[in-house]
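So the structure is just underneath, and the comments pick up after that.
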Amino acid sequence: MINVLLVGAGGFIGAVARYGIIVGVGKLISPSFPWGVLTANVAGSLLIGILAGIGESRHLFSTEARLFLFIGILGSFTTFSSITNDTMALVRASNYGGALANVALSLILGLTAVAIGYALAKAAT
């Protein structure tokens with residue numbers, strides 16, 4: 002039961018942080034493209050890469066900490082369902098180039114951010 006509470010508590014934190022990023026970026030940049038979701042996903046990917054690298058190198062995270070951080074906070078902060086929903090909204094608006102760009106940028110920048118975060122963490126240890 003404690004594991005469920007850890008994931009839930011982390012999920013609350015990640016979801017609220019995600020909402021803040023989406024709203025904040027939306028106020029700064031044109032709402033015609035889901036820049037806020039992209040920002041949250043890339044930032045979350047970078048964070049998970051850094052934390053995974055540090056965790057692996059230094060054996061810092063207990064099972065409970067991993068549940069809270071990786072599944073709870075970062076799992077709700079970055080979510081594939083938002084990418085697919087935003088992409089389908091672009092398709093429904095006949096913005097096929099935007100839809101393709103959203104998928105490509107999310108995958109490429111997300112993977113790149115994880116790799117960079119992991120490499121930074123490994124280099125720092």
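Under our numbering, the letters of the sequence shown match residues 2 to 126, in that order.
Virtual Cβ for every residue (Gly too), placed ideally from N, Cα, C.
Secondary structure of residue i, DSSP reduced to three states
i, result
"N4", "helix"
"A10", "helix"
"S33", "coil"
"T113", "helix"
"S1", "With the chain covering only 2 through 126, there is no way to say anything about residue 1."
"S83", "helix"
"S77", "helix"
"A44", "helix"
"S107", "helix"
Buried or exposed by the 16-neighbour rule on C-beta atoms within 10 Å, applied to residue i
i, result
"G37", "buried"
"G25", "exposed"
"G21", "exposed"
"T88", "buried"
"L61", "exposed"
"A114", "buried"
"S31", "exposed"
Within 7 Å, strictly: CB atoms of residue i and residue j
i, j, result
"L68", "N4", "yes"
"G73", "G111", "no"
"A16", "S77", "yes"
"N42", "T79", "yes"
"V92", "A105", "no"
"G50", "G118", "yes"
"E65", "L6", "no"
Closer than 6 Å: residue i CB and nearest the ligand ATP heavy atom
i, result
"G98", "Ligands displayed in this structure: none; no statement on the ligand ATP is therefore possible."
Candidates the options, of which the one nearest residue i by Cα
i, options, result
"S83", "L47, L6, H60 and P35", "P35"
"I109", "S46, S95 and L7", "S46"
"N96", "K123, S33 and A116", "S33"
"T126", "T113, G27, I14 and G54", "G54"
"G18", "T40, L121, I30 and M2", "Here the sequence assigns Ala to residue 18, which means Gly is not the residue at that position. Here the closest residue by C-alpha is T40."
"L75", "A90, N86 and L48", "L48"
"F81", "A90, G98 and S107", "S107"
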